[in-house]
Amino acid sequence: MGKIEQTLKRLLLITFIFLLGCATATNPRFTLLPESKEIEIGKSYVPTAIEEFDGIYPEREVQNYITQLGNRIARVTYRNLPYRFYLVNSEQINAFALPGGPVFITRGLLLKLENESQLVGVLAHELGHINARHHARFLEKMTALNILLNIGAIVVADKPYGQALIQFGQIGGQLLALKFSRDQEREADRLGIEFTVKSGYDPRGLIEVFEMFKSLEKTRPHEWLSTHPLPETRIAENTQFINRLSLSGPLIKDSEDFQRVRAHGLKTQPSFEEFYRGKKLYREGKRALAKEHFTRAINLWDKNYMAMVYLTFINLDEGNIGTAYNLATRAHQLAPDVFSTNYALGVVHFRRGEHRESINFLETARQLIPNYPDVYYYLGRNWEALGNRQKAIENYKVAIELSGGKRPWERDARERLQRL
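First residue of the sequence shown? That's 1 in UniProt numbering, and the numbers climb one at a time after it.
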């Protein structure tokens, strides 16, 4: 290695260390990650988050309520971002945000809340994380670290497609389980309380949520505290902060809309209880028992499309192609923008020999979550059946690279690739 190249490497290393320091310490306004890129990254992981938390709740009235309430709070925040709010089906007690605007609350947490000010407190807290750029700072550190680790290769060609997708999945997993420091939680609390008051709600709702979490801590571990630490001092500090605000005027505590939405969630709870029993049995390989619970879930609520997705694959395994088609079609009608409904319908069309239709749904699934290996395997099978050798090879290669030896079809994919 020549002296000039060594000198350039040292300069690059010093420059990126300096930029990282600027972005996180000496000048908080200086950012390595442009806002447009922050928004793009957050948006790209929304389908993954929806899938990870068992789909989006398929009741438009409920989703509209969450959106309208979230937008009311978002209007008083400091950052003009494309905020989006989602209620997801998961029974976990959790809420989280992604970079650049997306905010999620689980059905499990919604059912634990007692009034609208508590829900506002949770949403405002997550907006606090976004406005403080906590996710963006995490990404800036990761970006700088990747550059530092790959300085010798930054002028070489891009990484192989499969490897880039693997990295995409790894970053998404870290974003969805991002653990915040106590200082970051304190900052999000302060901002959240400020946003709550400015939007006309009682900030003590957040304190009530913290107290509820504390009471649940001994009986049921919940996911929100695993990423949002709740030390003993946090309730006292925020109570003191609220008391210093000298609140005046009427502040909203609750609404009929909230109680109506919560009642809807309680009404569908038995269906989701059956769904989660079925999901557990499905993962244990007890498909016949799982089928009974998924069927009961749908009978209890005919919009439980995630139960339909699981039943689709059980029926495919049993050779009931017609039943699988009906289930997958209904699930897709209920949630056309969700990964699993497009993937399921794509596989069903493949099994029916309808390769063009299968490709259409699988391509939609791929665009939603680009790192799921099974999608590429079935795309490969479809293109092979249609005689497009090049596209079949491309998709088999990506499928194998992403699978990591953990898919039952991998041997078949390798054999097909060799034959092509």
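Here a beta-carbon is modelled for each residue, glycine too, at the ideal position from N, C-alpha and C. In this text the structure is predicted, and so the values were computed from the model without any measurement.
Where do the N-terminal and C-terminal ends of the beta strand (DSSP E) with residue i fall, by residue?
i      : result
Ile105 : Pro102 to Thr106
Tyr86  : Arg84 to Val88
Phe96  : Ala95 to Ala97
On the criterion of 16 or more Cβ atoms from any shown chain inside 10 Å, does residue i qualify as buried, or is it exposed?
i      : result
Arg262 : buried
Tyr325 : buried
Glu256 : exposed
Val156 : For Val156, the pLDDT reaches just 31, beneath the cut-off of 50, and the residue's location in the model is therefore unreliable, although a value from the coordinates is still provided. Classification for Val156: exposed.
Ala385 : exposed
Arg244 : exposed
Ala95  : buried
Thr48  : buried
Lys3   : Unreliable positioning characterises Lys3 in this predicted model, as indicated by a pLDDT of 43, which lies under 50. The coordinate reading is nonetheless provided below. With fewer than 16 Cβ atoms within 10 Å of its Cβ, Lys3 is classed as exposed.
Arg381 : buried
Gly405 : exposed
Arg414 : exposed
Asp337 : exposed
Glu232 : exposed
Gly319 : exposed
Gly100 : buried
Pro102 : buried
Ala153 : Only weak support is given to the placement of Ala153: the predicted model assigns it a pLDDT of 37, under 50, and the question is left unresolved by the model.
Taking residue i as the reference, which of the options has the closest Cα?
i           : options                           : result
Gly42       : Thr341, Gly172, Thr329 and Glu126 : Gly172
Leu251      : Gly380, Phe272 and Ser199         : Ser199
residue 441 : Thr312, Asn299 and Arg356         : The question about residue 441 has no answer, for the chain in this structure spans 1 to 420.
Glu38       : Arg79, Lys397 and Ser358          : Arg79
Ser215      : Arg72, Lys112 and Asn388          : Lys112
Gly108      : Gly249, Arg72 and Gly265          : Gly265
Ile359      : Ala331, Asp337, Lys391 and Phe195 : Lys391
Lys279      : Asp254, Ala307, Gln240 and Ile298 : Ala307
Phe241      : Pro102, Glu61, Val197 and Leu127  : Val197
Pro58       : Val76, Lys303, Arg260 and Arg366  : Lys303
Leu110      : Ala132, Val347, Gln259 and Arg381 : Gln259
Tyr377      : Arg411, Glu357 and Arg352         : Arg411
Phe339      : Thr323, Gly319, Val375 and Leu327 : Val375
Gln184      : Ala132, Lys141 and Phe195         : Ala132
Asn299      : Val103, Phe195, Leu289 and Thr268 : Thr268
Ile314      : Ala297, Leu289 and Trp301         : Leu289
Phe53       : Tyr276, Gly319 and Val398         : Tyr276
Gly55       : Glu116, Arg182, Phe361 and Asn342 : Asn342
Phe388      : Leu417, His332 and Leu176         : For the record, residue 388 in the displayed sequence is Asn; it is not Phe. Per the Cα distances, Leu417.
residue 421 : Ser181, Val103 and Leu81          : Here the chain covers residues 1 to 420 and nothing more, so residue 421 does not appear.
CA-CA distance, residue i and residue j?
i      : j      : result
Phe350 : Arg419 : 21 Å
Arg190 : Gln118 : 15 Å
Ser90  : Ser246 : 38 Å
Ile235 : His125 : 14 Å
Ala74  : His355 : 44 Å
Phe213 : His135 : 23 Å
Val120 : Val309 : 32 Å
Ser271 : Ile66  : 21 Å
Tyr201 : Glu208 : 13 Å
Glu40  : His129 : 17 Å
Lys253 : Ile400 : 54 Å
Gly70  : Arg84  : 8 Å
Asp317 : Arg204 : 52 Å
Ile321 : Trp409 : 20 Å
Gln367 : Glu187 : 35 Å
Val347 : Asn395 : 15 Å
Leu178 : Asn371 : 20 Å
Leu145 : Leu139 : Low confidence applies here, because Leu145 scores a pLDDT of 43, under 50, leaving its location unreliable; read the following figure in that light. Going by the C-alpha atoms only, they are around 10 Å apart.
Glu273 : Ser248 : 43 Å
Leu32  : Glu284 : 45 Å
Gln63  : Ala335 : 13 Å
Leu127 : Glu217 : 24 Å
Ile93  : Thr106 : 6 Å
Ala344 : Asn238 : 46 Å
Thr323 : Ile193 : 51 Å
Ser403 : Arg60  : 36 Å
Ala97  : Leu362 : 27 Å
Glu211 : Gln174 : 28 Å
Glu292 : Tyr305 : 15 Å
So residue i is in the alpha helix (DSSP H); what residue range does that whole segment cover?
i      : result
Phe180 : Note, Phe180: premise wrong, no alpha helix (DSSP H); not H, not E.
Trp383 : Pro373 to Ala385
Ile252 : Counting along the chain, Ile252 falls outside any alpha helix (DSSP H), and DSSP gives it neither H nor E.
Val46  : Val46 to Glu52
Gln390 : Arg389 to Ser403
Ile235 : Glu232 to Asn243
Gly121 : Glu116 to Asn131
Arg204 : Arg204 to Glu217
Ile73  : Arg60 to Ala74
Leu81  : Unbroken run through Leu81: none, as it is neither H nor E.
Gln418 : Glu410 to Arg419
Checklist entry - Considering only residues of the region 292–354, which uninterrupted alpha helix (DSSP H) runs meet the minimum length of 4 residues and lie entirely inside it, listed in chain order? => result Runs found: 305–318, 321–334 and 339–351.
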